[in-house]
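Numbers 1 to 382, taken from full-length UniProt numbering, label the letters of the sequence shown in order.
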Amino acid sequence: MTDSVMSKAATMEIPINSNGDTGALAEDDSLEQAAKLQWSLDEKDLQQVMVSGPNLNETSIVSGGYGGAAEGIIPTGSIKGPAVCYNPEFNKRIPVTGFGGLDLIITCPNMQHSTSSSSMTAEEATRGVAVEKYEAVKKWGLNTYKCTKQMISERFGRGSRTVDLELEAQIEVLRDTKRKYENVLRLAKALTNHFYNMVQTQHALGDTFADLSQKSPELRDEFGYNAETQKLLCKNGETLLGAINFFVSSINTLVNKTMEDTLWTIRMYENARLEFDAYRSDLEELSLGPRDAVTMARIDAAQEQYQVHKEKYERLRSDVIIKLKFLEENKVKVMHKQLLLFHNAISAYFAGNQQQLEQTLKQFNIKLRPPGADKPSWLEEQ
């Protein structure tokens, strides 16, 4: 009977005002009954259109197509089972089939408030990041412009630059020393490669002599002597290679790490010097201009930037002086040890003094790698 009454109500217009009262139509008994049935939703039918979730305190029902929209409140405390918003877009109408064209609106005020607050917070954070990036780019552009202007002025002889004659001379000496040491390193590597090829040739020649001594009975002794000589030369050559490799490794560390680190600090110092001169020139130009309120504000800002870059320049200048001093001391110690090693090893090898050659390697704590030590073991390959 309920279904017949509901189907009848679905085809009739029921205007409802904002207070939930019926309009001025005829007081038909069947119509009133249908309206009452529309407002008292069946628990079973309501659960069919709602999904699992937290309990709702109240549910708004809106008339869906007959004589405008009006709201009524249906308490849901008696409904068994939780209900949640089906759609993440709040206040969206969800059609409830079988109830005379009524629409169900599920509102979640707390979730709306939290969502709007979180969106505003994310918006503010994004705006803050954008402003920071803009300020950083603006500062970088202004600094680049001033430094470029200063560099061009110096090259054309129109601008002045800060010069430390003693420090500039030490820096030039370091750069020249680095170029010469790089040449020594290149030649030492070439010597190592050539000598390695010679040792490999001696090794192959000794094996050939030993093989021929077995296959030539009439020349067994002669081939045997030469095979032993080549093997001894090969052994001494491998010992000398160990000393030369140690020499090359130490020179490479000195040139490409120690000296390069000092030169990197020097480059930072030169950039700081250029920035310092750029802001100094800017301050001098502003000081020569008119002294109105706007200019005085710009002079104060330029004075502050000048002071910042002056402190940076002096700090890096002090770092360069200290590193140059330590580099010179380190260079003398390293080269004294390495040149003594190189001389003793070469002299002992070409003099044929095997004991002195081995003693030289022990003196400098050089351990030779056995043949095939560079290859990983079968366990490491797994």
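Cβ atoms here follow ideal geometry from the backbone N, Cα and C, with glycine treated the same way. Only a predicted model underlies this, so the values are computations on that prediction, with no experimental measurement involved.
Could you check if residue i is buried or exposed, using at least 16 other CB atoms within 10 Å of its CB as the buried criterion?
i, result
"Ala-301", "exposed"
"Gln-355", "exposed"
"Asp-277", "buried"
"Leu-165", "exposed"
"Ser-281", "buried"
"Leu-199", "Correcting the residue type first, residue 199 is Val in the shown sequence and not Leu. Per the 10 Å Cβ criterion, buried."
"Leu-142", "exposed"
"Glu-124", "exposed"
"Phe-326", "exposed"
"Ala-190", "exposed"
"Gln-307", "exposed"
Using only CA atoms, which one of the options lies nearest to residue i?
i, options, result
"Ile-299", "Met-268, Asp-211 and Leu-286", "Leu-286"
"Tyr-225", "Asn-236, Ser-213, Glu-218 and Cys-234", "Ser-213"
"Phe-195", "Leu-174, Val-173 and Thr-239", "Thr-239"
"Glu-260", "Ile-152, Asp-176, Leu-361 and Gln-303", "Asp-176"
"Glu-222", "Leu-233, Tyr-306, Thr-208 and Thr-201", "Thr-208"
"Phe-247", "Thr-360, Met-120 and Ser-119", "Thr-360"
"Leu-368", "Gly-159, Lys-235, Gln-338 and Asn-353", "Lys-235"
"Gln-303", "Glu-284, Arg-291 and Glu-314", "Glu-284"
"Gln-363", "Ala-351, Phe-350, Gly-352 and Leu-341", "Leu-341"
"Phe-350", "Tyr-306, Gly-237 and His-336", "Gly-237"
"Lys-270", "Glu-228, Arg-315, Thr-121 and Ile-244", "First, the residue type needs correcting, since residue 270 is Glu and not Lys in the sequence shown. Closest option to Glu-270, Cα to Cα, is Arg-315."
"Lys-231", "Ser-119, Ala-204, Glu-328 and Tyr-134", "Ala-204"
Among residues of its own chain, excluding the 5 on either side of residue i, which ones have a beta-carbon nearer than 6 Å to its beta-carbon?
i, result
"Gln-170", "Leu-324"
"His-343", "none"
"Thr-265", "Asp-319, Val-320 and Lys-323"
"Asn-87", "A caution first: Asn-87 carries a pLDDT of 47, below 50, which makes its placement in the model unreliable, though a value can still be read off. Taken in chain order, the list of residues that qualify is empty."
"Lys-178", "Met-259"
Alpha carbon to alpha carbon, what distance is there between residue j and residue i?
i, j, result
"Glu-182", "Ile-251", "9 Å"
"Asn-193", "Arg-186", "11 Å"
"Leu-288", "Gln-150", "18 Å"
"Arg-317", "Ala-188", "35 Å"
"Tyr-279", "Val-131", "25 Å"
"Lys-257", "His-309", "28 Å"
"Leu-233", "Gln-202", "7 Å"
"Tyr-145", "Arg-155", "16 Å"
"Ile-244", "Gly-352", "17 Å"
If I measure Cβ to Cβ from residue i and keep anything under 7 Å in the same chain, skipping five residues before and after, which residues do I get?
i, result
"Val-334", "Ser-250 and Leu-254"
"Lys-44", "Low confidence applies to Lys-44: its pLDDT is 45, below 50, so where it sits in the model is not reliable, and the reading given next is rough at best. Contacts found: none."
"Asp-211", "none"
"Ala-348", "Gln-356, Leu-357 and Thr-360"
Quick test of your reading: residue i and residue j, contact by CB under 8 Å. State the CB separation rounded to the nearest angstrom.
i, j, result
"Ile-366", "Gly-206", "No, Ile-366 and Gly-206 are not in contact; Cβ-Cβ is about 24 Å, not under 8 Å."
"Ala-345", "Lys-312", "Their Cβ separation, rounded to whole angstroms, is 47 Å, which puts Ala-345 and Lys-312 out of contact at 8 Å."
"residue 399", "Thr-262", "In the structure as shown, the chain begins at 1 and stops at 382. Residue 399 is therefore absent and cannot be evaluated."
"Cys-147", "Leu-274", "5 Å"
Given residue i, which residues of its chain have a CB within under 8 Å of its CB, disregarding the five upstream and five downstream residues?
i, result
"His-295", "Strictly speaking, residue 295 in this sequence is Thr, with His absent from that position. Excluding sequence neighbours, Thr-295 sits near Leu-286 and Gly-289."
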